[in-house]
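Down below is the structure, laid out as structure tokens.
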Amino acid sequence: MEVGSANLVVAVLIDKLREMHVRNEEENEKALAIVEELMHRSNRTPEENELYELLIILIEKFEQKHYSPGEASTPHSMLLFLMEQKEIKQSDLVGVIGSKRIVSEIVNGKREISKVQAKALGDFFQVDFSLFT
Numbered sequence: 015m016e017v018g019s020a021n022l023v024v025a026v027l028i029d030k031l032r033e034m035h036v037r038n039e040e041e042n043e044k045a046l047a048i049v050e051e052l053m054h055r056s057n058r059t060p061e062e063n064e065l066y067e068l069l070i071i072l073i074e075k076f077e078q079k080h081y082s083p084g085e086a087s088t089p090h091s092m093l094l095f096l097m098e099q100k101e102i103k104q105s106d107l108v109g110v111i112g113s114k115r116i117v118s119e120i121v122n123g124k125r126e127i128s129k130v131q132a133k134a135l136g137d138f139f140q141v142d143f144s145l146f147t
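Just so we're aligned: 18 in the working numbering is position 4 of the sequence shown, and the numbers increase by one with no gaps anywhere.
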């Protein structure tokens, strides 16, 4: 398959995913495996980045529904989710979004994520910054 046609296939899949939901644990595990694979790719294509972001949202929705009933997806929960998935510690975020104290306050939900910090987190996690706003 040529690169151009592969990108077209990915683009079509992304369009279908926009309307999709992770419906059960098996689908959630499959989505997590794809996210894990994409997470470790250093040079993702724009289509792979879009797929990565969409899958994270689908996984987050499934896990909120099945593991945390009543709790909506928030910038804070997205940060915690990505930190867990990428095995990021608070200390890894020092200098990315602020001092040790500021990072601790954000991670512990005592401080909101600013727009500047959201952009820095988007760059750090290689996702759209709007996930943190």
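Glycine included, each C-beta is placed from N, C-alpha and C at the ideal position.
Small disclaimer: the values here were computed from a predicted structure and weren't measured.
Which residues in the same chain have their Cβ closer than 6 Å to the Cβ of residue i, if we skip the five residues on either side of it in sequence?
i    : result
G123 : H90
F143 : A132, K133 and G136
V141 : E67
Sorted by chain position, which residues of the same chain lie with C-beta nearer than 8 Å to residue i's C-beta, five sequence neighbours on each side aside?
i    : result
G112 : I120 and Q131
M53  : Y66, Q99 and K100
In terms of residue numbering, what span does the alpha helix (DSSP H) encompassing residue i cover?
i    : result
Q150 : Any property of residue 150 remains undetermined from this structure, which presents the chain solely from 15 to 147.
E98  : P89 to K100
S113 : Segment: none, S113 is in no alpha helix (DSSP H) and carries neither H nor E.
K133 : K129 to F139
V49  : E39 to M53
Measuring straight from C-alpha to C-alpha, what distance separates residue i and residue j?
i    : j    : result
K75  : E101 : 20 Å
M92  : Q104 : 14 Å
N57  : V110 : 21 Å
P83  : E77  : Caution applies to P83, whose pLDDT of 46 falls short of 50 and renders its modelled position unreliable; the model cannot decide the point.
E64  : N42  : 18 Å
D106 : F146 : 17 Å
*Cβ contact (3+ pairs, closer than 8 Å) linking the region 46 to 59 and the region 68 to 75*: yes
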